[in-house]
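One line per chain: the protein sequences are G and V, in this order.
Sequential numbering from 1307 applies to the first sequence in my numbering.
Sequential numbering from 3 applies to the second sequence in my numbering.
Just so you know, even glycine gets a beta-carbon here, dropped at the ideal spot from N, CA and C.
Comments concern the structure below.
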Amino acid sequence: MTLTDQDTPQALELRRGAEAEASALPALLLAAEHLAATVQMGAHGRKRAGAGEEFWQYRPAHSGDEARFVDWRRSARSDTQFVRDREWQLAQSVHLWVDEAASMRFTGAETGRAARSTKGDRARLLALALAVLMIRGGERVGLAGPLCPPRPGRAQLMTLAQSLAGGGEGADYGAPEVMAITAQSRAVFVSDFFGDLDAIGLALGTLADRGVRGVMLQVLDPVEEDFPFDGRVIFESMGGTLAHETRKAGDLRARYLDRLAERRDRLATMAQAAGWQFSTHHTGDPAQAALLWLHAALERGL
Amino acid sequence: MWMLGPVGFTAPWLLLGLAALPVLWLLLRAVPPAPLRRRFPGVALLLGLTDEDVQAERTPWWLMLLRMAALAAAIIGFAGPVLNPVVSVPGQGPLLIVADASWASARDWSRRIERMDRALGEAQAAGRPVALLSLTEPPPARLSFADAGSLRASLPGIVPQPWEPGPLEDILPEGAFETFWLSDGLARESRDLLLEQLEARGAVRVWQTGTPVVALGRSAIEDGQIALPIRTSLAPPAPLEVAAIGLDPAGIERELARETADFQAATETTLRFDLPPELRNRITRFEVAGIRSAGAVSLTDDAVKRRKVALVAGGRSREGLELLSPLHYLREALAPSADLIESPLEDALPAKPDVVILADIGEIAEPDRLAEWVEEGGLLVRFAGPRLAAADSDADPLLPVRLRAGGRSVGGTMSWGEPRGLAPFPETSPFAGLPVPEDVTVTAQVMAEPSPDLSARTIATLVDGTPLVTRADFGTGSIVLIHVTANAEWSSLPLSGLFPQMLERLAISARPATPSARDLAGVTWVPTKLLDAFGRLDDAGEAAGVPGETLAEAVPGPDLHPGLYAAADRVVALNAVRAEAVLAPAVWPAQIPVEGIEAPQQTPLKGWLLMAALGLLLLDIIASLALSGRLMAPRARRAAASALIAALALGFAPEARAEETAMPEARAIEAAGNVVLAHIATGDPEVDRVALEGLRGLSKTLFRRTTVEPSEPMTLDLETDDLALFTLIYWPVTSTQPAPSPMAYSKLNRYLRGGGMIVFDTRDADISGFGTSTDAGRRLQALAAPLDIPPLEPIPTDHVLTRTFYLLQSFPGRYDQTIWVEAAPPDAELAEGMPFRNLNDGVTPVVIGGNDWAAAWAMDERGLPMFPIGRGMAGERQREVAQRFGVNLVMHVLTGNYKSDQVHVPALLERLGQ
């Protein structure tokens, strides 16, 4: 793939990180189950007989096989008729939604030895790594928004990287976009899910109606998980729209953690109800584990 | 100045500021700590949460107290507090400043000048007339008061003198006056008299320091060592160092020796310098290091010079006839004060004696060499005797006068005359002034041929005018002939007290330590070097000579400066402090105010208080940060804790070092007494137990199969044990093992360099291949990095370890993997027809492997293996080979590359079946 003028350094950087993350995993194959009718043929076989272009096997013709499926050249060499089976090949559409809200720009350790990337960076990296895996598997990958519909091929990766890296200023907390997600496709939501739970619930409901299933990955900074604050603090949201003042931040820790656990619980419940998978990833941990989980969840769930 | 107890304030009105502190309390208390703004996305979850406790709104009371204390310290500090302030009370009327100005005050003379200057300045400010009296240099006329300003200008001209003040004549000024006395701190009689006179005129104040006055005594030789008494007026707080100073062979003055005088609360002690004679004779003076005072200098003279005297006698003295030996009386006279060389002349000359004494030698064995030696400055003294009398004196150049053959005998049984006595010594003689005892008689002598210069060369005669001692210069040296024998055969001179005195005058023997008046009398002593009060030795220049009688009194004063006095070849040192002087601290009557000693030091407290205020403010910063939650982020907390621990460790480190002890003696004896295998403690009790059992098993195997019979193996304590005592160190490597200390590493490196061997065992079957893929492998790399390990290689098949006792091909323990040893030199070559390369040099200092040998060697008390190896008979075979490897290893350490020697090749070839 050649580099073009619009390949900004930022996009290249993100692409390189994602390729590095993806290189360690086998190609991802999406289970396609009952979507066979709607999905277009992909490049990868399912190692079983089915609809596809590649030769799979000859099998004796059963009653019910149409005569036009009989392979006469093979059949002429024996007494019985043989049918030429093709390998079952299918491709899946996957929609990625990476939260671009201001809250994702947070990192608990900007500098120093243990500096961490922001949640947004980590989310984009994971999403694109997943995209790389899936493109390699022949699937079609796009964003949840209308700007980048799912397409196969490695050229799509560059488009995805540009779209992801170009994340602009957003609201304090994001809500998933669902309008462009096609029916029976797959969706991957990566966010901190600190926004309105009802909006998330609504989005999940809409998607469930369309037969879309997927995974939700909550990306959190360790600081958000530990709440290591003390003393008199005014907490502000990243966009500055929300503020909360406390005189003894240490006293709030237990209640904050309770609320965080409760929110996670609700998210998990909503995901389960919609047939989705939910997990939490911390930016302090390696991205590999989260990618493995995403890979497994996409493969397992359907 | 306003006083509050012992503390005075220079600006007391500032203390009013303390009254404002309660107001501050109210002000500060109302202001809570400023909040911290933090960006935090999780704020969405915090909305609606309220604080349970609103107490932190106000500054806590302890923080308030801290701030108030800081402020109070600052206020008090700026008020200028002074502990024990000196409150000067201005005096009135004329002022007499008396300075002892003795050697004892030279040590801190600049302080005295400073104090005098201050006193003069105060007097100048008050317009008081002042007179200055230096007791060691009293003015000849009556003192008169003068303007303080003009006296101040002349202050630098006042110097201490290297003697003590004597009684003062009546030169005190008329009328009443106050006295300010700068005492040197020593008690003396003249002081009480003067004090009485001064007190009759007015008030007396005294300035005196508490530093002890130090004086060195006269050095003397006792038992071959230089004994140097040292005295102080008070027991000094720290030991004093005394340096012996002299000229080095290049003529440059330098320190030759140094001793420490430890008084141990006494005020007098004696230092002993044990030096070789060459060095001893070079010493010109002793100095107390760091003290500039004439008292702290002790000049040396002939008393510590010991000459090397070669005594050569003619005939071998007959056994048992000690008193007839020609050298007996010389030996008796010289032994206490000279180093004697008694050997034949040819052996004595190379020892470079100062004096050669030939007693009754007619034919000199090596006249040329001896003449050469005399020409170079030697002193040759010859005693007459029958052999000299019989010799042909014309042929002997080494005689001051020509001798008549045969000599003469007077007062004997075959002669008419009476034995002759000695004539008084002439003025020009070196013996001038020595009393001539009546009972010294001469019965026989050798006679000089009359010649024109005979009388000039004669320095002692008999009553009849015949020469007894003649002397002639010879080159730069001289030759002295005593016309009688050195024993009592020809005269009673050697029996008399005159004999050693004459030897001393001839500068052959050294004087006794303290010269008596009789020794010094009759000669005018010319000062060559003079000592000033600061202990500096200067050339005397044209100073007038001193009669010996005055010098003998040895009381330094304006007429007798301390220094070195010389007469002919003799040198006498006169020190500033008399040998018998007692240094007693001056005691002043109670009514006399004494400043300088007990008066507590005036201490300004301003700096300390401001420092305390600053420190409290720093504490306040930390406390405020802690309160507002900005200080104690988890990482910061960890860092603070580690910093605290580091600080504590630093503080306690010296103590910990002090606790370090050497190897216990019993353990050292046990380790040194026999071959002892040892292992390094890993801190893992199970691994340590297996290692110890393994070594015990190996020891048993060695005991049973070889002549090596090791003692019980030991567990090493790297910090205390002396590794040199151990033959082989087994080091099982565990992943959690703590690294030894740097000191232990240096010991290990020394051990490796000294031929020891360390067997590293990672016990991981070498699956890592010495990469970093196992914990033990990584730990091994970390542990071994500071060690001095040569390049390694996997053991080659011809390594000497394969044949030091058993012939082995593999080196298994519980596992059988390759091991690593020191790499063979790159130029090692396979010799023609030999199976081994010529690798004669070096025992490998390390063996590194992962075969878990200890487990293979380990036996229980019944001699049964503790751990299973492999399966069935193959496993037992492996254990046997493992034990054989252990034997080979120990043999390799003990015998080195012995089996690598090509001498053994034929036998080995035979064994190998080639």
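Residue i - partner residues in DSSP beta bridges
| i | result |
| --- | --- |
| G:Gln-1583 | G:Val-1521 |
| V:Pro-867 | V:Met-861 |
| V:Ala-222 | V:Ala-229 |
| V:Ile-791 | Answer is none; V:Ile-791 lacks a bridge partner. |
| V:Phe-2 | Residue 2 of chain V lies beyond the stretch modelled for chain V, which goes from 3 to 916, so this question has no answer here. |
| G:Asp-1385 | For G:Asp-1385, which the question treats as bridged, DSSP gives no partner whatsoever. |
| G:Pro-1363 | What sits at residue 1363 of chain G in the sequence shown is Gln, not Pro. Answer is G:Asp-1391, bridged to G:Gln-1363. |
Option in the options with minimal Cα separation from residue i
| i | options | result |
| --- | --- | --- |
| V:Met-504 | V:Trp-492, V:Val-482, V:Ala-490 and V:Glu-491 | V:Val-482 |
| V:Ala-546 | V:Glu-555, V:Leu-618, V:Tyr-567 and V:Asp-534 | V:Tyr-567 |
| G:Phe-1361 | G:Gly-1370, G:Ser-1369, G:Asp-1377 and G:Ala-1373 | G:Asp-1377 |
| V:Ala-101 | V:Leu-137, V:Ala-75 and V:Ala-71 | V:Leu-137 |
| V:Gly-408 | V:Ala-446, V:Glu-429 and V:Ala-425 | V:Ala-446 |
| V:Val-448 | V:Leu-26, V:Leu-98 and V:Arg-406 | V:Arg-406 |
| G:Trp-1403 | G:Leu-1558, G:Gly-1537 and G:Ile-1506 | G:Ile-1506 |
| G:Arg-1380 | G:Val-1529, G:Ala-1367 and G:Phe-1500 | G:Ala-1367 |
| V:Asp-818 | V:Ala-858, V:Pro-827 and V:Ala-825 | V:Ala-858 |
| V:Ser-480 | V:Val-525, V:Ala-462 and V:Leu-401 | V:Leu-401 |
| V:Thr-717 | V:Pro-24, V:Asp-686, V:Leu-497 and V:Arg-207 | V:Asp-686 |
| G:Glu-1372 | G:Ala-1577, G:Gln-1387 and G:Arg-1572 | G:Gln-1387 |
| G:Leu-1548 | G:Ala-1477, G:Gly-1520 and G:Ala-1489 | G:Ala-1477 |
| V:Ser-2 | V:Gly-7, V:Leu-67 and V:Ser-300 | Only positions 3 to 916 of chain V appear in this structure, which leaves residue 2 of chain V out of reach. |
| V:Pro-959 | V:Leu-891, V:Glu-491, V:Arg-294 and V:Val-573 | In the structure displayed, chain V extends from 3 to 916; residue 959 of chain V sits before or after that span and is not available. |
| V:Leu-273 | V:Ala-237, V:Trp-610, V:Glu-711 and V:Gln-227 | V:Gln-227 |
| G:Ala-1317 | G:Ala-1437, G:Glu-1416, G:Glu-1531 and G:Leu-1463 | G:Leu-1463 |
| V:Val-376 | V:Asn-489, V:Tyr-331, V:Ala-36 and V:Arg-473 | V:Arg-473 |
| V:Ser-748 | V:Thr-736, V:Ala-726 and V:Val-761 | V:Ala-726 |
| V:Asn-899 | V:Gly-865, V:Gln-880 and V:Ala-826 | V:Ala-826 |
| V:Asn-676 | V:Thr-684, V:Phe-705, V:Asp-690 and V:Ala-237 | V:Phe-705 |
Exposure label - residue i; buried when at least 16 CB within 10 Å
| i | result |
| --- | --- |
| V:Ser-902 | buried |
| V:Pro-83 | buried |
| G:Gly-1348 | With a pLDDT of 40 at G:Gly-1348, under the threshold of 50, the predicted position of this residue should be treated as unreliable, and no value is reported. |
| G:Glu-1445 | buried |
| V:Asp-763 | buried |
| G:His-1601 | buried |
| V:Trp-4 | exposed |
| G:Leu-1341 | With a pLDDT of only 26 at G:Leu-1341, under the threshold of 50, the placement of this residue in the model should not be trusted; the figure read from the coordinates follows. Label assigned to G:Leu-1341: buried. |
| G:Asp-1527 | buried |
| G:Phe-1495 | buried |
| G:Leu-1598 | exposed |
| G:Phe-1533 | buried |
Given a limit of 7 angstroms on CB to CB distance, which residues of the region 1431 to 1465 of chain G reach chain V? Of all residues in the region 1431 to 1465 of chain G, none comes within less than 7 angstroms of chain V when Cβ atoms are compared.
Got a sec: which bits of the region 1386 to 1412 of chain G sit with their beta carbon under 7 angstroms from any beta carbon on chain V, in order along the chain? Within the region 1386 to 1412 of chain G, the qualifying residues are Ser-1409 and Phe-1412.
Counting Cβ pairs closer than 8 angstroms, one from the region 1510 to 1529 of chain G and one from the region 9 to 22 of chain V, do we hit at least three? Judged by Cβ distances under 8 angstroms, the region 1510 to 1529 of chain G makes no contact with the region 9 to 22 of chain V, as fewer than three pairs qualify.
The region 203 to 221 of chain V touching the region 581 to 598 of chain V, judged by at least three CB pairs closer than 8 angstroms: Yes: the two stretches touch, three or more of their Cβ pairs being nearer than 8 angstroms.
Quick one: which residues of the region 1566 to 1595 of chain G get their C-beta closer than 8 angstroms to a C-beta of chain V? List them in chain order. Residues of the region 1566 to 1595 of chain G whose Cβ lies closer than 8 angstroms to any Cβ of chain V, in chain order: Leu-1566 and Arg-1569.
Just by C-beta distance, which residues in the region 665 to 681 of chain V are closer than 8 angstroms to chain G? Listed in sequence order: no entries.
Give, in chain order, every residue of the region 1363 to 1374 of chain G whose Cβ lies closer than 9 angstroms to some Cβ of chain V. Correct list: empty, as no residue qualifies.
Using a Cβ-Cβ cutoff of 8 angstroms, what residues of the region 41 to 53 of chain V are near chain C? List them in chain order. Among the protein chains of the structure shown, namely G and V, there is no chain C.
Check each residue of the region 1477 to 1505 of chain G: if its Cβ is closer than 7 angstroms to any Cβ of chain V, include it; give the result in chain order. Against chain V - using a Cβ distance shorter than 7 angstroms - the residues of the region 1477 to 1505 of chain G are Tyr-1479, Asp-1498 and Phe-1500.
For the region 678 to 709 of chain V, enumerate the residues whose C-beta is nearer than 7 angstroms to any C-beta of chain G, in chain order. So the list is empty, because no residue satisfies the distance condition.
State whether the region 553 to 572 of chain V contacts the region 527 to 540 of chain V, with contact taken as three or more CB pairs (one from each stretch) at a distance under 8 angstroms. Pairwise C-beta distances place the region 553 to 572 of chain V in contact with the region 527 to 540 of chain V, as three or more of them are shorter than 8 angstroms.
For the region 731 to 750 of chain V and the region 775 to 786 of chain V, state whether three or more C-beta atom pairs, one from each stretch, are separated by less than 8 angstroms. By the Cβ rule, the region 731 to 750 of chain V counts as touching the region 775 to 786 of chain V, because three or more pairs are nearer than 8 angstroms.
What are the residues of the region 1547 to 1566 of chain G that lie near chain V, defined by any Cβ-Cβ distance shorter than 8 angstroms? Within the region 1547 to 1566 of chain G, the qualifying residues are Leu-1548, Ala-1549, His-1550, Glu-1551, Thr-1552, Arg-1553, Lys-1554, Ala-1555, Gly-1556, Asp-1557, Leu-1558, Arg-1561, Tyr-1562, Arg-1565 and Leu-1566.
The region 167 to 187 of chain V in contact with the region 535 to 542 of chain V per 3-pair CB rule at 8 angstroms: Because the criterion of three Cβ pairs below 8 angstroms is not met, the region 167 to 187 of chain V and the region 535 to 542 of chain V do not touch.
At least 3 beta-carbon pairs within less than 8 angstroms: the region 1436 to 1450 of chain G vs the region 1405 to 1416 of chain G: Fewer than three pairs of CB atoms, one per stretch, sit closer than 8 angstroms, so the region 1436 to 1450 of chain G makes no contact with the region 1405 to 1416 of chain G.
Do the region 691 to 703 of chain V and the region 848 to 862 of chain V meet, that is, are 3 or more Cβ pairs less than 8 angstroms apart? In short, these stretches touch, since the Cβ pair count reaches three.
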